[in-house]
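S.K.: Here you go, one structure.
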Amino acid sequence: EPEVTQTPSHQVTQMGQEVILRCVPISNHLYFYWYRQILGQKVEFLVSFYNNEISEKSEIFDDQFSVERPDGSNFTLKIRSTKLEDSAMYFCASRFRGETQYFGPGTRLLVL
Amino acid sequence: GENVEQHPSTLSVQEGDSAVIKCTYSDSASNYFPWYKQELGKRPQLIIDIRSNVGEKKDQRIAVTLNKTAKHFSLHITETQPEDSAVYFCAAKRYNFNKFYFGSGTKLNVKP
Chain A
29 EPEVTQTPSH QVTQMGQEVI LRCVPISNHL YFYWYRQILG QKVEFLVSFY
79 NNEISEKSEI FDDQFSVERP DGSNFTLKIR STKLEDSAMY FCASRFRGET
129 QYFGPGTRLL VL
Chain B
234 GENVEQHPST LSVQEGDSAV IKCTYSDSAS NYFPWYKQEL GKRPQLIIDI
284 RSNVGEKKDQ RIAVTLNKTA KHFSLHITET QPEDSAVYFC AAKRYNFNKF
334 YFGSGTKLNV KP
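Just so you know, the protein sequences line up as chains A and B, in that order. Take 29 as the starting number for the first sequence in our numbering and just add one per residue. Take 234 as the starting number for the second sequence in our numbering and just add one per residue.
Okay, here's the thing in structure tokens:
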């Protein structure tokens, strides 16, 4: 069964550095998402992407964040200048036309 | 926007007992309500979902009920087993919007 994949599984970075988190959604899916989950807390929506543009974003998704689908298979989340509070698990998710979304395994980001 | 509240935050039951987790939502236009199970360190996985044109849905030991008038929906797990121990999240989504709103999660502990 196809799955959403994410790389890296863990990333450690210094405050102020840029990070890029990578996702490969399921191949025929049309809607793509990034979520954040701070340890022990709920899953928080960051952004949704459809038809090569952002369709919705949360208040968390400020100018420090950007998303791209550079080549028709990868879907990336860039954090330009990381802060300590960006430390979290970041999940990518995708769905086809229906409502069912499938999550990737996550990238654990630690900002020191 | 939508606000999803989930109760209880933790639930401990004896193996074989039933467990019920409840969520309320605020946006009457929400029409899709999935439930996710997240085991420790793993990705959220969809276990059951319901659409607003249906009042109840069952899948083996798991059922979801929806009360549109009261704007609440519940997850029912019967004959609980230790492998049901996990964090469960409810979510809500509005038709033709992409954003999913998550509840704060319920940590279910099934004691053998």
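Note that beta-carbon positions come from the ideal geometry of N, C-alpha and C, so glycine has one too.
Measure the Cβ-Cβ separation of K255 (chain B) and V320 (chain B) and say whether it is below 9 angstroms.
M.R.: In terms of Cβ geometry, K255 (chain B) and V320 (chain B) do not form a close pair [threshold 9 angstroms].
S.K.: Can you tell which of A:E31, A:E46, A:V139 has the C-alpha that lies nearest to the C-alpha of D91 (chain A)?
M.R.: A:E46
S.K.: Can you confirm whether the segment 100-109 of chain A touches the segment 305-318 of chain B when touching is taken to mean that 3 or more C-beta pairs between the two stretches lie within less than 8 angstroms?
M.R.: For the pair of segments examined, the segment 305-318 of chain B was found not to touch the segment 100-109 of chain A: the number of CB pairs separated by less than 8 angstroms stays below three.
S.K.: What do you get for R123 (chain A), buried or exposed, if any count of 16 or more other CB atoms within 10 angstroms of its CB means buried?
M.R.: buried
S.K.: Can you pull the DSSP bridge partners for H305 (chain B)?
M.R.: B:T257, B:N300
S.K.: If we count the other Cβ atoms within 10 Å of its Cβ and call it buried at 16 or more, is N331 (chain B) buried or exposed?
M.R.: buried
S.K.: Report the neighbours of S337 (chain B) on chain A: residues whose CB is nearer than 7 angstroms to its CB, in chain order.
M.R.: K70
S.K.: Inspect the CB distances between the segment 52-61 of chain A and the segment 114-133 of chain A and report whether three or more fall short of 8 angstroms.
M.R.: Output reads yes: the segment 114-133 of chain A touches the segment 52-61 of chain A.
S.K.: My output table needs one value for E87 (chain A): the three-state DSSP class, helix, strand or coil.
M.R.: coil
S.K.: List the residues of chain B whose Cβ lies closer than 8 angstroms to the Cβ of F73 (chain A), in chain order.
M.R.: K332, F333, Y334, F335
S.K.: May I have the straight-line CA-CA distance separating T41 (chain A) from F89 (chain A), to the nearest angstrom?
M.R.: 19 angstroms
S.K.: Can you pull the chain A residues whose beta carbon is under 7 angstroms from the beta carbon of F306 (chain B), in chain order?
M.R.: Here the premise fails: no neighbours, minimum Cβ distance about 14 angstroms.
S.K.: Taking only the alpha-carbon atoms, compute the straight-line gap between S251 (chain B) and A296 (chain B) and give it to the nearest angstrom.
M.R.: Each residue's Cα considered, the two are about 11 angstroms apart.
S.K.: Quick one: any contact between the segment 235-248 of chain B and the segment 282-293 of chain B, if contact means 3 or more CB pairs under 8 angstroms?
M.R.: no
S.K.: Along the segment 118-138 of chain A, what residues have a CB closer than 8 angstroms to any CB found in chain B?
M.R.: For chain B, the residues of the segment 118-138 of chain A that bring a beta carbon within less than 8 angstroms of one of its beta carbons are F119, E127, T128, Q129, Y130, F131, G132, P133, G134, in chain order.
S.K.: Are the C-beta of R294 (chain B) and some C-beta of chain A separated by less than 9 angstroms?
M.R.: no
S.K.: Can you give me the C-alpha to C-alpha distance between E272 (chain B) and G100 (chain A), rounded to a whole angstrom?
M.R.: 31 angstroms
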